[in-house]
Amino acid sequence: MSGKRWVVWLPLCAFGVIVAVVMWGLYLPADRTVHSAMVGKPLPAFTLPPIVPGKPGLSDKDFRQGKPRLLNVFASWCIPCIAEAPQLMTLKAAGVPIDAVAIRDTGPAITGFLRRNGDPYARIGDDATSRLQLALGSSGVPETFVIDGRGVIRMQHVGDIRPEDVARLQQALAEAEVGAE
Amino acid sequence: MTAEFGLAALWFAATLAVLQIALSGLALRRGRDDVAAAMRPVAIVQGALVALAMAALIACFLASDMSVALVAANSHSAKPWLYKFAGAWGNHEGSMLLWVTILGLAGAAVAQFERRLPERTLIATLGAQAAIALGFYAFLLFASNPFARADPAPADGAGLNPLLQDPGLAFHPPTLYAGYVGLSVAFSFAVGALLTRDVGPVFARAMRPWVLGAWVFLTLGITAGSYWAYYELGWGGWWFWDPTENASLMPWLAATALLHSVSVLATRDGLRAWTIMLAVVAFSMSMIGTFLVRSGILTSVHAFAVDPTRGSFILALLVIYIGGALALFGARVGTVRQGNLFDPLSREGALVVNNLLLSVILGVVLIGTFYPIVAGAMGVQLSVGAPFFDKTVGPLALLLVAVMAAGPLMRWRRDEVGAVIERLQWPIAAALFASVGVFVLGGWIGVLPTAGIGLAAGLAVASVAPLAKRNLRRAPLTLWGMVVAHLGVAVSLAGMAASSAFTTERLAAVYVGDPVRVAGFTVTLDGVRPVIGDNWTALEARLSVREGEDAPFVLRPQVRYFTTPVTTTNESAIATLAGGQLYTVLGALGDDGRWQLRLWWKPFVTLIWLGGAMIAAGGALSIVGHQRRGWMKRRRRAEMEWYA
Numbered sequence: 001m002s003g004k005r006w007v008v009w010l011p012l013c014a015f016g017v018i019v020a021v022v023m024w025g026l027y028l029p030a031d032r033t034v035h036s037a038m039v040g041k042p043l044p045a046f047t048l049p050p051i052v053p054g055k056p057g058l059s060d061k062d063f064r065q066g067k068p069r070l071l072n073v074f075a076s077w078c079i080p081c082i083a084e085a086p087q088l089m090t091l092k093a094a095g096v097p098i099d100a101v102a103i104r105d106t107g108p109a110i111t112g113f114l115r116r117n118g119d120p121y122a123r124i125g126d127d128a129t130s131r132l133q134l135a136l137g138s139s140g141v142p143e144t145f146v147i148d149g150r151g152v153i154r155m156q157h158v159g160d161i162r163p164e165d166v167a168r169l170q171q172a173l174a175e176a177e178v179g180a181e
Numbered sequence: 001m002t003a004e005f006g007l008a009a010l011w012f013a014a015t016l017a018v019l020q021i022a023l024s025g026l027a028l029r030r031g032r033d034d035v036a037a038a039m040r041p042v043a044i045v046q047g048a049l050v051a052l053a054m055a056a057l058i059a060c061f062l063a064s065d066m067s068v069a070l071v072a073a074n075s076h077s078a079k080p081w082l083y084k085f086a087g088a089w090g091n092h093e094g095s096m097l098l099w100v101t102i103l104g105l106a107g108a109a110v111a112q113f114e115r116r117l118p119e120r121t122l123i124a125t126l127g128a129q130a131a132i133a134l135g136f137y138a139f140l141l142f143a144s145n146p147f148a149r150a151d152p153a154p155a156d157g158a159g160l161n162p163l164l165q166d167p168g169l170a171f172h173p174p175t176l177y178a179g180y181v182g183l184s185v186a187f188s189f190a191v192g193a194l195l196t197r198d199v200g201p202v203f204a205r206a207m208r209p210w211v212l213g214a215w216v217f218l219t220l221g222i223t224a225g226s227y228w229a230y231y232e233l234g235w236g237g238w239w240f241w242d243p244t245e246n247a248s249l250m251p252w253l254a255a256t257a258l259l260h261s262v263s264v265l266a267t268r269d270g271l272r273a274w275t276i277m278l279a280v281v282a283f284s285m286s287m288i289g290t291f292l293v294r295s296g297i298l299t300s301v302h303a304f305a306v307d308p309t310r311g312s313f314i315l316a317l318l319v320i321y322i323g324g325a326l327a328l329f330g331a332r333v334g335t336v337r338q339g340n341l342f343d344p345l346s347r348e349g350a351l352v353v354n355n356l357l358l359s360v361i362l363g364v365v366l367i368g369t370f371y372p373i374v375a376g377a378m379g380v381q382l383s384v385g386a387p388f389f390d391k392t393v394g395p396l397a398l399l400l401v402a403v404m405a406a407g408p409l410m411r412w413r414r415d416e417v418g419a420v421i422e423r424l425q426w427p428i429a430a431a432l433f434a435s436v437g438v439f440v441l442g443g444w445i446g447v448l449p450t451a452g453i454g455l456a457a458g459l460a461v462a463s464v465a466p467l468a469k470r471n472l473r474r475a476p477l478t479l480w481g482m483v484v485a486h487l488g489v490a491v492s493l494a495g496m497a498a499s500s501a502f503t504t505e506r507l508a509a510v511y512v513g514d515p516v517r518v519a520g521f522t523v524t525l526d527g528v529r530p531v532i533g534d535n536w537t538a539l540e541a542r543l544s545v546r547e548g549e550d551a552p553f554v555l556r557p558q559v560r561y562f563t564t565p566v567t568t569t570n571e572s573a574i575a576t577l578a579g580g581q582l583y584t585v586l587g588a589l590g591d592d593g594r595w596q597l598r599l600w601w602k603p604f605v606t607l608i609w610l611g612g613a614m615i616a617a618g619g620a621l622s623i624v625g626h627q628r629r630g631w632m633k634r635r636r637r638a639e640m641e642w643y644a
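Residue numbers (UniProt numbering), protein chains in the order written: chain A, 1 to 181; chain B, 1 to 644.
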């Protein structure tokens, strides 16, 4: 026994390592964001027809004009989309160009939604079968993507945009602008 | 009123735990016999009080007393009574109370029945047991009060997670907890022995039945849990390497190693420090398992409490108990006298290799379970699943099976290579024959399944070999216990290997009346109709299954819709046949009017759980054998004294 006295302390040391790991896991704020596999990838090629009169439809080429834009995935039937509308209006007022994809929706319903909640969108594409939504790796509405000037997805925001998220989106847009140059 | 009664009982039990610790200290320090005499009754009353608290909680659930917050959050008056009853522990607070109840009852059982342990070690053991209980009483009383009232009381409850609304909930958690917490006795024994420096065969013989008992419950709990997940989740798998499953597997591995090393200590007075170490590790793994599930740091289907405050509380308890015991081990084990030595090629040697392999597997599972947390802290999100565990644990487990086959055929202390090989010739022949046979009949199915089937055959022959040339009626029960348990491992392994290699799966979309073929069966969807249950409605498919020219039989898989809370569950329908199980799951109705059906033919899958039950039965036989041997010895001694 005398030759290997230190061995008897090994279990305690191993336990110490476990405790350190667990405390790390317990006290570090958990990262609950969904890490999209699409971040860093170019938008898939798509062309969506317009859904409301007087507003153009949407294609992936609209995102390759050199300036970063927001792509908002929304629907008139979605309650959180109403909740995030003021934040989208704030972003629009700050000069952020915003386009949208309407998921499984109709023209009159969208028109009513925009009349009630404000219209932050430059273009709205009609995605009646969720085809683009699936291609984007979006699992629900609303979701918002930051797309840089070359059509590359830089960020995916899952869920409604809260007031505290606005600054984060603006920062991502600014970084997308720098990164694309 | 019942709730307040339960809370009071819990407070009284906690107070008695304090008293028990104080008495233990006093008795050990001052050597007071009168104080020592009070220890046993205090421990028994403490166990009775906490059992009363558990009974009070069950009464609240049975009465659907919605003014108790826990009942309101987890029960519903329309639930069948069995789920009201079992629902008492189908939630965080209730399951922790059940945990502590078993802890208290285990302490009471030691106080009532333990007669072999030296008195001073017993006193230290009961003190340690009370110290563990006190921490968890504090956790319940300050951080997880199951009896808190809801004000105002809601009109009805929120209901129980429908996945848990299964008779399995009535048996699985209590059995598993009896195993988890039963290991606390081994832990307290080890701490007691370290405090009094009294480790030897007498100590080992006293500890063995408690270890075996906990291990039997743990084996049953894991086996039953595996079968429950198999039929209730509707995924067709029997083990998912989910963190919660790993949490129950780790104490089982440690306890398995412990019950083998405790046998070496009892018969040969070897492996003293190692046995103490394993006794500490086994219960530590139980506590870490509880912590993993309860703290929510590992997300899992089972983790119903995601609350960092509770996590911190339990972590503090773990640091105190496990850290304390391991520090005591480090400080004291050097003073425990060295036990007997032995030759590497001997039964002890094989048991040491078995212990090392079990420990390595335990380490691998531990690392695999914790690695996602480490990776998460480094900013990488990943999960460690079946591919990792199958590749690492699989080969180690097969090696372990090979050692298991050889070990019981070796002599104690020292053996000869030639003699061992001679005794192993039939098992080796059986292993080769089975492997080659499987290859000839079933083709190449991969290294692990082929080796698994071969080793299962070898182990089966080797397991019964110790009974050869013996009078079966006179063979001791403990030997029968080992034979049955080892044979159970062979049976279970054969089931695992065969079902993983030969399972056929068929996913089909069918119109009513369409036949689907799977592995020689023709399954026809006769129709789908709605059915109404106690607190659910369901769509039930009627499947007629025909195998060859036999008369068809009917299976009725369901999709159940629960309203409180709103959930859908798949109730698989399983036919157990001679060669395996046909497992059917009803899926969704497509736009085109076709129903999705998922069909599996799983040959020999039933052997997995049959083997598990045999392992547990072997443990039970062994307990009875050891107890009877002790009883006979005492009776013989009494007779001798009478003649003298």
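All C-beta atoms, glycine included, are put in the ideal place defined by N, C-alpha and C.
Practice problem: Determine which residues share a DSSP beta bridge with residue 595/B and list them. | Solution: In DSSP, residue 595/B forms a bridge with 510/B and 589/B.
Self-check item: Per DSSP, the bridge partner or partners of residue 515/B
Solution: DSSP lists 524/B as partners of residue 515/B.
Quiz item: If we ignore side chains and look at the alpha-carbon of each, how far apart do residue 32/A and residue 164/A end up?
Solution: Any reading at residue 32/A needs caution, since the residue's pLDDT is 49, under 50, leaving its predicted position unreliable; the model's value is listed next. Straight-line spacing of the CA atoms in residue 32/A and residue 164/A works out to 16 Å.
Exercise. Report the option in 557/B, 635/B, 601/B and 536/B whose CA atom is closest to the CA atom of residue 162/B.
Key: Of 557/B, 635/B, 601/B and 536/B, the residue nearest in Cα terms is 536/B.
Quiz prompt | Residue from 18/A, 140/A and 7/A whose Cα sits closest to the Cα of residue 80/A | solution = Nearest Cα to residue 80/A within the set 18/A, 140/A and 7/A: 140/A.
Self-check item: CB contact below 8 Å: residue 23/A versus chain B
Solution: Answer yes: the Cβ-Cβ gap between residue 23/A and chain B drops below 8 Å somewhere.
Quiz prompt | Neighbour flag for residue 131/A against chain B, beta carbons, 8 Å | solution = Answer no: the Cβ-Cβ gap between residue 131/A and chain B never drops below 8 Å.
Quiz item: Mind checking if residue 132/B is an interface residue toward chain A, Cβ cutoff 8 Å exclusive?
Solution: No, residue 132/B lies away from the interface with chain A (no Cβ there is under 8 Å from its Cβ).
Quiz item: Is the shortest distance between the beta-carbon of residue 184/A and the beta-carbons of chain B less than 8 Å?
Solution: Nothing about residue 184/A can be read from this structure; chain A reaches only from 1 to 181.
Exercise. Give the DSSP-derived three-state secondary structure of residue 76/A in the structure shown.
Key: DSSP, reduced to helix, strand and coil, places residue 76/A outside both helices and strands of the structure shown, so it counts as coil.
Practice problem: For chain A, find out if any of its Cβ atoms is closer than 8 Å to the Cβ of residue 330/B; answer yes or no. | Solution: Yes, its Cβ sits closer than 8 Å to a Cβ of chain A.
Self-check item: Contacts that residue 277/B makes with chain A (C-beta to C-beta distance below 7 Å)
Solution: Residues of chain A passing the Cβ test: 11.
Self-check item: Contact list for residue 8/A against chain B, beta-carbon separation under 7 Å
Solution: Around residue 8/A, the beta-carbon contacts reaching into chain B at under 7 Å are 329, 330, 333 and 334.
Exercise. Below 7 Å CB to CB, which residues in the same chain sit around residue 213/B once its five sequence neighbours on both sides are set aside?
Key: If we look at residue 213/B and ignore the five residues flanking it on each side, its Cβ neighbours are 182 and 623.
Quiz prompt | Interface residues of the segment 383-399 of chain B facing chain A [CB-CB below 7 Å] | solution = Cβ contacts with chain A come from no residue of the segment 383-399 of chain B.
Quiz item: Using the C-alpha atoms, what's the distance from residue 152/B back to residue 204/B?
Solution: Across the structure, residue 204/B and residue 152/B are spaced so that their CA atoms are roughly 55 Å apart.
Exercise. Could you name the residues of chain A that residue 323/B contacts, counting a contact when the two beta carbons are closer than 9 Å?
Key: The contacting residues are 12, 15, 16 and 19.
Quiz item: So who's on the other strand from residue 79/B, going by DSSP bridges?
Solution: Bridge partners of residue 79/B: none, in fact.
Quiz item: Name the chain A residues that come within less than 7 Å of residue 319/B, Cβ to Cβ?
Solution: Below the 7 Å Cβ cutoff, chain A contributes 19 as neighbours of residue 319/B, in chain order.
Quiz prompt | Straight-line gap, residue 628/B to residue 634/B (C-alpha atoms, nearest Å) | solution = So the alpha carbons of these two residues sit roughly 10 Å apart.
Self-check item: Proximal residues to residue 589/B (C-beta, below 6 Å), its chain only, five neighbours per side dropped
Solution: Answer for residue 589/B: 595, listed in chain order.
Quiz item: For residue 68/B, which three-state DSSP category applies?
Solution: Secondary structure at residue 68/B: strand, using DSSP grouped into helix, strand and coil.
Practice problem: Compare the C-beta of residue 175/A against all C-beta atoms of chain B and say whether one is closer than 8 Å. | Solution: It does not: the Cβ of residue 175/A has no partner Cβ on chain B nearer than 8 Å.
Quiz item: Taking Cβ positions only, does residue 168/A come closer than 8 Å to chain B?
Solution: Chain B contact via Cβ: absent.
Quiz prompt | Length of the line joining the Cα atoms of residue 420/B and residue 341/B | solution = When rounded, the separation of the alpha-carbon atoms in residue 420/B and residue 341/B is 20 Å.
Practice problem: Taking all protein chains shown into account, decide if residue 29/B is buried (16 or more other Cβ within 10 angstroms of its Cβ) or exposed. | Solution: Looking at its Cβ environment, which holds fewer than 16 other Cβ atoms inside 10 Å, residue 29/B is exposed.
Quiz prompt | One or two residues paired with residue 645/B in a DSSP bridge | solution = Chain B is shown from 1 up to 644; residue 645/B falls before or after that span and cannot be answered.
Quiz item: In three-state DSSP terms, what is residue 423/B?
Solution: In this structure, residue 423/B counts as helix in the three-state DSSP scheme.
Quiz item: Would a C-beta distance cut-off of 8 Å place residue 176/B and residue 95/B closer than the cut-off?
Solution: A distance of 8 Å or more separates the beta carbons of residue 176/B and residue 95/B.
Exercise. Helix, strand or coil for residue 65/A, going by three-state DSSP, please let me know.
Key: Coil, per DSSP.
Exercise. Report the three-state DSSP secondary structure of residue 562/B (helix, strand or coil).
Key: Here residue 562/B sits in strand by DSSP.
Quiz item: According to DSSP, what are the bridge partners of residue 146/A?
Solution: Residue 146/A is bridged to 70/A and 155/A.
Quiz item: So, do the segment 143-151 of chain A and the segment 52-72 of chain A have three or more beta carbon pairs nearer to each other than 8 Å?
Solution: Verdict: yes, contact present.
Exercise. Identify, in the order they occur along the chain, each residue of the same chain with its Cβ nearer than 7 Å to the Cβ of residue 291/B, setting aside the five sequence neighbours on each side.
Key: The beta carbon of residue 291/B sits closer than 7 Å to those of 314, 315 and 318, all from its chain and outside the five residues before and after it, given in chain order.
Quiz item: residue 326/B versus chain A: which residues are under 7 Å apart at the beta carbon?
Solution: Chain order gives the chain A residues near residue 326/B as 11, 12 and 15, where near means a beta carbon separation below 7 Å.
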